[in-house]
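Chemist:
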Amino acid sequence: MTCFLCPFVRRTSCFTILLPRQLGVAKRNLVPQRYFGERTLTCVVRPKYPTSHRVYTLSFYRHKSESVEPSLTTFPNPIILQNGDKTIHLLGTAHVSETSADEVRKLIKRVRPQQVVVELDADRARKLRESPSEERSFPEIFKMFLEKEVPVSARLFELSIRTTYSLLRRAGFVPGLEFLAAVDEAQRIQAQVVYGDRHFKDTVKRVGKGLEGKPLSLIRQLFHVDASEVEHIFRDSGGLQGSVEKLLDRRNVQLLVQFMRRAVPPLAHVLLDERDLYLLRALKSQPGPQVVGVVGMAHLEGIESNWHLDLETIQRKIDEIEK
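For the sequence shown, our numbering gives the first residue as 561, with consecutive numbering after it.
Structure follows, in structure tokens:
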């Protein structure tokens, strides 16, 4: 079918048009994947000729809505969630993205919430503010490896996280920049800052428990998992900064999460599924009436899908994890 689009839609945009099986008036959402956010366009499909013909007149109407930054997310961001008479504005972010930090500031300025929930624990929040000179020295890291109560796999995981943060700082990035922006902006408007994440040390221990006795099988599995679906995300991205900005697209993050679940299921369960519950509890516990939540893009899916759970059920699931 040939269709002529309105002049404000670039010809390189990607559309999927679902024609109705029975002729009549039908509405279909059209999402130009690169240039507009979801639900900014509606396609009204009407029959132009009798039923023997398959020619349609397409009319496009641009909704009056908040402007969407080009080339960012292809889903609504922030997501608006209701909890009784409380409104939660949940923003998905990329952890070293200046764009994310700017979006956080703008959202908090606009909403002026009573509480701001961030994907941090108090200890991590403090460490994010440390200068590089305050990072752990080699003797301290070596001492960490001698701790008998922590599995080797957990120690390796913690070391990899710390090394990644250190490398990002040396490359000129600020790890957790959007969380720092959220805390600063919340303090500026005198909103309460809520650290909604599980303590990092507890997460490390859970990683160790999940990987215990499985490292070799997981390594073999990792090499056999098809990565073709995620390779395009980092190909021709224009360096590290370009790769970071691609993680503002929720579709890309969904592909990476799916890859992680296939490659290292125990890691995905601990880092995503379990922590989603802690963040969910923090978000639903706030008195409001306006709450802003700032979490990594990978947590949006789990928080949304579990939003129907009440606090009692969430707490019961967390208690099961902590047994």
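From the three backbone atoms N, C-alpha and C, an ideal C-beta is built for every residue, glycine too.
#1: Beta-carbon within less than 8 Å of Gln674's beta-carbon, same chain only, minus the 5 sequence neighbours each way: which residues are those?
#2: Return yes when the Cβ of Val854 is within less than 9 Å of the Cβ of Val664, no when it is not.
#3: Who are the near neighbours of Glu690 in its chain, counting only those whose CB is closer than 8 Å to its CB and skipping five residues on each side?
#4: Report the option in His859, Glu861, Lys669, Leu641 whose CA atom is closest to the CA atom of Ala746.
#5: Skipping 5 residues on each side, what residues in its chain have a beta carbon closer than 8 Å to that of Glu626?
#6: Could you tell me the alpha carbon to alpha carbon distance between Ala741 and Arg686, rounded to whole angstroms?
#7: What three-state label does DSSP hand Val854 in the structure shown?
#8: For Gly768, does the three-state DSSP call read helix, strand or coil?
#9: So, using beta-carbon positions, are His829 and Gly770 closer together than 9 Å?
#10: Could you work out which residue in Val767, Pro826, Leu843 is closest to Lys646 when comparing CA atoms only?
#11: Going by beta carbon distance, what residues of the same chain come within less than 7 Å of Asp683, once the five residues before and after it are set aside?
#12: Count the CB pairs spanning the stretch 831-843 and the stretch 859-872 that are closer than 8 Å, and state whether there are at least three.
#13: So His649 and Pro638 are in contact, right, with Cβ under 8 Å, and what is the actual spacing, rounded?
#14: Identify which residue in Val813, Gly644, Arg766, Thr659 has its Cα closest to the Cα of Val554.
#15: Would you call the CB atoms of Ser803 and Glu738 closer than 9 Å?
#16: With 16 other CB atoms within 10 Å as the buried threshold, where does Leu651 fall?
#17: Look at the alpha carbon of Ile881 and the alpha carbon of Leu815, and state the distance between them as a whole number of angstroms.
#18: Is it true that the CB of Val764 sits closer than 9 Å to the CB of Val676?
#19: Per DSSP, what are the beta-bridge partners of Lys646 in this structure?
#20: In chain order, what residues of the same chain have a beta carbon less than 6 Å from the beta carbon of Met820, not counting five sequence neighbours either side?
#21: Enumerate in chain order the residues of its own chain whose CB-to-CB distance from Thr873 is below 6 Å, with the five nearest sequence positions on each side excluded.
#22: The alpha helix (DSSP H) spanning Gln814 covers which residue range?
#23: Check Gln752 in the structure and name its three-state DSSP category.
#24: Quick one: Cα of Gly644 to Cα of Val678, how far?
#25: Could you check which residue in Gln642, Ile640, Ala661 has the C-alpha nearest to that of Leu808?
#26: Taking the alpha-carbon of Leu688 as reference, which of Asn866, Gln818, Asp744 has the nearest alpha-carbon?
Modeler: Result, derived from the coordinates:
#1: Ala751, Gln752, Gln846, Pro847, Gly848, Pro849, Gln850, Val851
#2: yes
#3: none
#4: Lys669
#5: With a pLDDT of 39 at Glu626, under the threshold of 50, the modelled position of that residue is not reliable, and the figure given next carries that caveat. None.
#6: 14 Å
#7: strand
#8: helix
#9: yes
#10: Leu843
#11: His759, Phe760
#12: yes
#13: 5 Å
#14: Outside the shown range of the chain (561 to 883) lies residue 554, about which nothing can therefore be said.
#15: no
#16: buried
#17: 26 Å
#18: no
#19: Asn643
#20: Ala828
#21: none
#22: 810-823
#23: strand
#24: 21 Å
#25: Ala661
#26: Asp744
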